[in-house]
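Note that the sequence shown ends on residue 400 in our numbering; no numbers are left out.
Glycine is no exception: its CB is placed at the ideal position from the N, C-alpha and C atoms.
None of these values were measured; they are calculated from a predicted model.
Written below as structure tokens is the structure these notes are about.
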Amino acid sequence: MYPHEDSVRPMLAVAGKPFSAEGWLFEPKFDGIRCLASLRKRKVTLWNRRLSIITEAFPEIVDALPDAVDTDCILDGEIIIMSDGKPDVSAIQKRMFISSSLAAQLFARTTPAQYVVFDIIKLGGESLAAYPLRERKKILARILRQNNTIALTVFVEQSGELYFEAAQRNGFEGVVAKRLDSPYLPGVRSVQWVKFKRSTGFDLVVGGYTPGHGKRNDTFGALLLGAYAPNGAFVYVGRAGSGFSREEAGIIYSVLKSTASPAFSNPPNEPDARWTLPELVVEVKALEVTRNNILRFPVFIRVRGDKSPRECSLDQTGIPGDTVTG
């Protein structure tokens, strides 16, 4: 299901290393769900970076946003759930797969989410995309009234490296640096926004699994993972069999879609493998890449339901794409 005519893709950041510089601001990178929000005549629509509507999954945000903003607008931000002062990755993952409005209402009461707003794309009938970021931030601060559910992101200027150290100490995923004069470029991964993360994880696509045993005999043993080479080939890069809670394994297993043949251009030698459509993205961490171009001991971190499989490129792993035949 996709948004109405207000639909717009979010601007994206390139990966980089921590730096400090004049003319830049630095704000936290959250372990949450990227979310754009449309407010039109007090009706709220929420969608993620893949343009899937997620309005029903977060009724607390739908209820709170009209009280925070009086004017029709399109906002950009992140949905997070805080626990002990830190973003709770496990809690937000559970909300990503809610299909029942009753369950969503229950979660809204027991583990409420917050919408942390960091940009505004449209105000009234006027697009603000061409405005420099510093002006969009001023407009946001003027029109948005923060409450327990809706908040403005905190940022600093110039001191990116110190801010990154502080973000790490406080349990945040990383920092995003943005040029103060940058326009908003919908759907563009721009060098005017740079993200640096504490995690050395990889975003990979599930292309199959091995059968589970013991406590996981009703789900899977390991996920078979791949990424896309420059020529479009879907390349097997390793298997992740640890890092899942029983609940996480059950959620993942429930959304995998079986297929008769492997999507991998180089399917692994797994006699009992069950192949799936390459649709689900997960983040893993690994010790290294072996000489056989396979990740050593990948460990599951989280589901990336907000990320498209085609965004998971092989170059993030350091595995050379020219060794692959598609």
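{"Query": "Can you give the Cα-Cα distance for SER81 and LEU125, rounded to whole angstroms?", "Result": "7 Å"}
{"Query": "Between GLU362, TYR189, GLN179, GLY198, which lies nearest to ALA111 when the distance is taken from Cα to Cα?", "Result": "TYR189"}
{"Query": "Does PRO92 pass the burial test, meaning 16 or more other C-beta atoms within 10 Å, or should it be called exposed?", "Result": "buried"}
{"Query": "Let me make sure I understand the geometry here. Which of TRP267, PRO345, ALA307, SER382 has the alpha-carbon closest to that of LEU99?", "Result": "TRP267"}
{"Query": "Contact defined as beta carbons within less than 8 Å: I believe GLY282 pairs with ALA347. What is the distance between those atoms, to the nearest angstrom?", "Result": "5 Å"}
{"Query": "Who are the near neighbours of VAL118 in its chain, counting only those whose CB is closer than 6 Å to its CB and skipping five residues on each side?", "Result": "VAL136, LEU139"}
{"Query": "Any chance you could list the alpha helix (DSSP H) runs of at least 4 consecutive residues sitting entirely within the segment 305-338, in chain order?", "Result": "320-329"}
{"Query": "Three or more beta-carbon pairs under 8 Å between the segment 365-380 and the segment 251-263, yes or no?", "Result": "no"}
{"Query": "Drop a sphere of 10 angstroms on the beta-carbon of PRO304, count the other beta-carbons inside from all chains shown, and report buried for 16 or more, exposed for fewer.", "Result": "exposed"}
{"Query": "Under a Cβ-count criterion, where at least 16 other Cβ atoms within 10 Å of its own Cβ denotes burial, should ASN366 be classed as buried or exposed?", "Result": "exposed"}
{"Query": "Going by DSSP, name the residue or residues bridged to PRO161.", "Result": "MET156"}
{"Query": "What beta strand (DSSP E) runs, 3 residues minimum, are completely inside the segment 100-163?", "Result": "107-114, 117-121, 147-154"}
{"Query": "Determine the direct distance from the alpha carbon of LEU388 to that of PRO394, and round the result to whole angstroms.", "Result": "8 Å"}
{"Query": "With a threshold of 8 Å on Cβ separation, who are the neighbours of LYS160 within its own chain once the five nearest residues in sequence on each side are excluded?", "Result": "ASN244, GLY245, PHE246"}
{"Query": "Quick check on the DSSP output: the beta strand (DSSP E) that includes ALA251 runs from which residue to which?", "Result": "248-253"}
{"Query": "Output the boundary residues of the alpha helix (DSSP H) element that contains ILE368.", "Result": "Here ILE368 belongs to no alpha helix (DSSP H), and DSSP marks it neither H nor E."}
{"Query": "Taking ASN343 as the reference, give the member of LEU86, VAL311, THR333 with the closest Cα.", "Result": "VAL311"}
{"Query": "Can you tell me which residues form a DSSP beta bridge with LEU388?", "Result": "For LEU388, which the question treats as bridged, DSSP gives no partner whatsoever."}
{"Query": "When we look at the beta-carbon of GLU357 and count the other beta-carbons within 10 Å, is it buried (16 or more) or exposed?", "Result": "buried"}
{"Query": "Report buried or exposed for SER319, applying the criterion of at least 16 other Cβ atoms within 10 angstroms of its Cβ.", "Result": "exposed"}
{"Query": "Near LYS269, which residues of its chain fall below 8 Å by C-beta distance, leaving aside the five closest residues on each side in sequence?", "Result": "ALA87, VAL88, ALA89, GLY90, LYS103, GLY248, VAL249, VAL250, ALA251"}
{"Query": "Straight-line CA distance for MET170 to ILE153?", "Result": "11 Å"}
{"Query": "PRO133 and ALA178 - do their beta-carbons sit closer together than 8 Å?", "Result": "yes"}
{"Query": "By Cβ distance, which residues of its chain are closer than 6 Å to ASP380, with the 5 residues on each side in sequence left out?", "Result": "ILE107, ARG108, ASN122, ARG123"}
{"Query": "I'd like the ranges of any alpha helix (DSSP H) spanning at least 4 consecutive residues and lying wholly in the segment 170-234.", "Result": "175-184, 207-217"}
{"Query": "Hey, is PRO260's beta-carbon within less than 8 Å of any beta-carbon in chain B?", "Result": "Of the chains in the structure shown, none is chain B; there is only one protein chain."}
{"Query": "Report the option in ALA95, ILE195, ARG216, ASP162 whose CA atom is closest to the CA atom of PRO186.", "Result": "ASP162"}
{"Query": "Starting from GLY282 and walking both ways along the beta strand (DSSP E), at which residues does that stretch end?", "Result": "276-285"}
{"Query": "Among residues of its own chain, excluding the 5 on either side of PHE192, which ones have a beta-carbon nearer than 7 Å to its beta-carbon?", "Result": "GLU101, ASP150, GLY151, THR227"}
{"Query": "Rounded to whole angstroms, what is the Cα-Cα separation between ASP292 and ILE172?", "Result": "21 Å"}
{"Query": "Please report how far the alpha carbon of GLU321 lies from the alpha carbon of VAL279, in whole angstroms.", "Result": "20 Å"}
{"Query": "Determine whether the beta carbon atoms of GLY275 and LYS359 lie at a separation below 8 Å.", "Result": "yes"}
{"Query": "DSSP three-state call for ARG263: helix, strand or coil?", "Result": "strand"}
{"Query": "From VAL377 to ILE325, what distance separates their C-alpha atoms?", "Result": "10 Å"}
{"Query": "For GLY392, which residues of its own chain have a beta-carbon under 8 Å away from its beta-carbon, when the five flanking residues on both sides are left out?", "Result": "VAL363"}
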